[in-house]
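K.L.:
Per our numbering, the sequence shown starts with residue 66, numbered consecutively. Built from N, CA and C at the ideal position, the CB exists for glycine as well.
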Amino acid sequence: MEQRINVTEFVLLGLTQSPQGQKILFVIFLLIYLVTMVGNLLIVLTVVSSPTLHVPMYFFLGNLSFMDAVYSTTVTPNMIIDLFYVKKTISFQACMIQLFTEHLFGGAEILLLVVMAYDRYVAICKPLHYMTIMNQWVCTLLLLLAWTGGFLHAIIHILFVYNLPFCGPNVIDHFGCDMYPLLKLACTDIHIIGFSVLANDGAICVVLFTLLLVSYGVILRSLKNLSQEGRRKALSTCGSHVTVVVLFFVPCVFLYVRPPSTLPTDKSLAVFYTIVTPMLNPLIYTLRNEEMQNAMKKLWIRRRK
Numbered sequence: 066m067e068q069r070i071n072v073t074e075f076v077l078l079g080l081t082q083s084p085q086g087q088k089i090l091f092v093i094f095l096l097i098y099l100v101t102m103v104g105n106l107l108i109v110l111t112v113v114s115s116p117t118l119h120v121p122m123y124f125f126l127g128n129l130s131f132m133d134a135v136y137s138t139t140v141t142p143n144m145i146i147d148l149f150y151v152k153k154t155i156s157f158q159a160c161m162i163q164l165f166t167e168h169l170f171g172g173a174e175i176l177l178l179v180v181m182a183y184d185r186y187v188a189i190c191k192p193l194h195y196m197t198i199m200n201q202w203v204c205t206l207l208l209l210l211a212w213t214g215g216f217l218h219a220i221i222h223i224l225f226v227y228n229l230p231f232c233g234p235n236v237i238d239h240f241g242c243d244m245y246p247l248l249k250l251a252c253t254d255i256h257i258i259g260f261s262v263l264a265n266d267g268a269i270c271v272v273l274f275t276l277l278l279v280s281y282g283v284i285l286r287s288l289k290n291l292s293q294e295g296r297r298k299a300l301s302t303c304g305s306h307v308t309v310v311v312l313f314f315v316p317c318v319f320l321y322v323r324p325p326s327t328l329p330t331d332k333s334l335a336v337f338y339t340i341v342t343p344m345l346n347p348l349i350y351t352l353r354n355e356e357m358q359n360a361m362k363k364l365w366i367r368r369r370k
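1) Going straight from the alpha carbon of L148 to that of G79, what length do you get?
2) Where does K152 sit, in a helix, a strand or coil, going by DSSP?
3) With DSSP collapsed to three states, give me the class of F337.
4) Decide if the region 184 to 202 is in contact with the region 116 to 127; the criterion is three or more beta carbon pairs, one per stretch, under 8 Å apart.
5) Among residues of its own chain, excluding the 5 on either side of F274, which ones have a beta-carbon nearer than 6 Å to its beta-carbon?
6) So V113 is in the alpha helix (DSSP H); what residue range does that whole segment cover?
7) By the DSSP assignment, the beta strand (DSSP E) with L77 in it spans what residues?
8) Taking 8 Å as the cut-off, decide whether the C-beta atoms of V109 and F131 are in contact.
9) Whose C-alpha, out of T330, K152, L277, S333, is nearest the C-alpha of T308?
10) Using CA coordinates, which residue listed in F170, I284, L320 is at the minimum distance from P246?
11) For a minimum of 3 consecutive residues, which ranges assigned as the beta strand (DSSP E) are wholly contained in the region 119 to 165?
12) Starting from T81, follow the alpha helix (DSSP H) in both directions and report where the run begins and ends.
13) Sorted by chain position, which residues of the same chain lie with C-beta nearer than 7 Å to S156's C-beta, five sequence neighbours on each side aside?
14) Kindly give me the distance between the Cβ atoms of A211 and V180, rounded to whole angstroms, as I take these residues to be in contact under 8 Å.
15) For N128, which residues in the same chain have their Cβ closer than 7 Å to its Cβ, ignoring the five residues on either side in sequence?
16) In terms of alpha-carbon separation, which member of F225, F216, T351, I189 lies closest to S292?
17) Per DSSP, what kind of secondary structure is V236 in: helix, strand or coil?
18) Between the alpha carbons of K289 and R297, how many angstroms are there, rounded?
19) Any heavy atom of the ligand MG inside 7 Å of the beta-carbon of T351?
20) Please list the terminal residues of the continuous alpha helix (DSSP H) segment that includes M244.
21) Could you say if the region 335 to 343 and the region 88 to 103 meet the contact criterion of at least three C-beta pairs nearer than 8 Å?
22) Whole angstroms are fine: how far does the CA of V100 sit from the CA of L345?
23) Only counting the same chain, and skipping five residues up and downstream in sequence, which positions put a Cβ closer than 8 Å to that of K363?
24) Under 8 Å by Cβ, that's how I've got M361 and T111 pegged, so tell me the actual separation to the nearest angstrom.
25) Report the three-state DSSP secondary structure of K191 (helix, strand or coil).
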């Protein structure tokens, strides 16, 4: 009986096999990545450098931008470099590291979006007690909880996948390492693991997305108690946050709230939430936030002096 040996590397099919298509994608994704990094790091620098932004909302926004920058970096640079190669390979260890970091920052970002929704709820529904409730210690604790949740989320994925037997084929129909494409290659019955992933990823996406929608429903009901100017500012801030939540959670729901399988649309959805969404987040928050825009202008003026 032939001995089955685990593979040591995987071959990535990427988004297209067309040389012309790969050149076009290289230009597009390089521009997106540069805009992502500049936009998110600019927000981080602005929040850190501007005394007027040293409040909980911008503390969390700065951390969200940092997460977006690193989250995009876990996949995008490798994908851009791979577009130069006919055969795109990734070692088993590098694949596991990519899987871990992607879910670490993705999971932490999902939980941070929940924390930001709670921050807006307190600011709008309990404005007189806002700074007391959302003090520095509480903000730091909530951020640590988001990171801890992301770490546990990523560890669960690695525990599921790391010791699975991969004896061939080793071709992943994707541009990076993700759960369902990897499980498809395992030389064992993965139904139990697949449904565990569904419970881990799918349940988190659905429960937290529903919780966020309900929380913003409560916030909207509370707006009637505010002045017209207060309602305008609250709607602007909440509108930006809801847009980011929808952009992040909707692809997550489509990808993970189903039995373990791979679909032709998976790669397009993965491109959207790992590459496009981190670019859109800083644009959404800065274009709809006058305070952030003014802080960036002051920072720019100080840097030019």
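P.N.:
Checking against the coordinates, here is how it stands:
1) Walking along the sequence shown from the start, residue 148 turns up at place 83. Walking along the sequence shown from the start, residue 79 turns up at place 14. Our two residues, L148 and G79, have alpha carbons roughly 8 Å apart in a direct line.
2) Working through the sequence shown from its first residue, we reach residue 152 at position 87. Three-state DSSP puts K152 in coil, outside helix and strand.
3) Residue 337 sits at position 272 when you count from the first residue of the sequence shown. DSSP places F337 in the helix class (H, G or I) of the three-state scheme.
4) Yes, the region 184 to 202 is in contact with the region 116 to 127.
5) The residue you call residue 274 lines up with position 209 of the sequence shown. Residues of the same chain with a CB within less than 6 Å of the CB of F274, apart from the 5 flanking positions on each side, are F314 in chain order.
6) Here residue 113 corresponds to residue number 48 of the sequence shown, with the count starting at 1. Residues 84 to 114.
7) Along the sequence shown, read from residue 1 onward, the residue named residue 77 stands at position 12. Run containing L77: 74 to 77, per the beta strand (DSSP E) assignment.
8) Against the sequence shown, residue 109 aligns to sequence position 44. Against the sequence shown, residue 131 aligns to sequence position 66. Cβ distance < 8 Å, so V109 and F131 count as in contact.
9) By one-based count along the sequence shown, residue 308 stands at place 243. Here the closest residue by C-alpha is L277.
10) Along the sequence shown, read from residue 1 onward, the residue named residue 246 stands at position 181. For P246, the nearest C-alpha among the options comes from L320.
11) Contiguous beta strand (DSSP E) elements confined to the region 119 to 165 occur at 153 to 156, taking only those with 3 or more residues.
12) The residue given as residue 81 occupies position 16 in the sequence shown. Looking at the DSSP string, T81 is not in any alpha helix (DSSP H), and its letter there is neither H nor E.
13) Residue mapping note: residue 156 aligns to position 91 of the sequence shown, counting from 1. Cβ neighbours of S156 beyond the five flanking positions: T73, E74.
14) For the purposes of this step, residue 211 is identified with residue 146 of the sequence shown, where counting begins at 1. For the purposes of this step, residue 180 is identified with residue 115 of the sequence shown, where counting begins at 1. The C-beta separation of A211 from V180 comes to about 6 Å, placing the pair in contact by the 8 Å criterion.
15) Locating residue 128 in the sequence shown gives position 63, where the first residue counts as 1. Taken in chain order, the residues that qualify are L177, L208.
16) Residue mapping note: residue 292 aligns to position 227 of the sequence shown, counting from 1. Closest by alpha carbon: I189.
17) What you label residue 236 is simply residue 171 of the sequence shown in a count that begins at 1. DSSP places V236 in strand when its eight states are reduced to three.
18) Working through the sequence shown from its first residue, we reach residue 289 at position 224. Working through the sequence shown from its first residue, we reach residue 297 at position 232. Straight-line measurement puts the Cα of R297 at about 11 Å from the Cα of K289.
19) For the ligand MG, the structure offers nothing, since it holds no ligand at all.
20) Taking the first residue of the sequence shown as position 1, residue 244 is located at position 179. Going by DSSP, M244 is part of the alpha helix (DSSP H) stretching over 244 to 248.
21) By the Cβ criterion, the region 335 to 343 is in contact with the region 88 to 103, since at least three pairs of Cβ atoms, one from each stretch, lie closer than 8 Å.
22) Against the sequence shown, residue 345 aligns to sequence position 280. Against the sequence shown, residue 100 aligns to sequence position 35. The alpha-carbon atoms of L345 and V100 are separated by roughly 9 Å.
23) Stepping through the sequence shown from its first residue, residue 363 is reached at position 298. If the five residues before and after K363 are omitted, its C-beta is found closer than 8 Å to the C-beta atoms of S115, all from its own chain and listed in chain order.
24) Here the question's residue 361 lines up with position 296 in the sequence shown. Here the question's residue 111 lines up with position 46 in the sequence shown. Yes, M361 and T111 are in contact; Cβ-Cβ is about 5 Å, under 8 Å.
25) Within the sequence shown, the letter at position 126 stands for residue 191. Reduced to three states, the DSSP call for K191 is coil.
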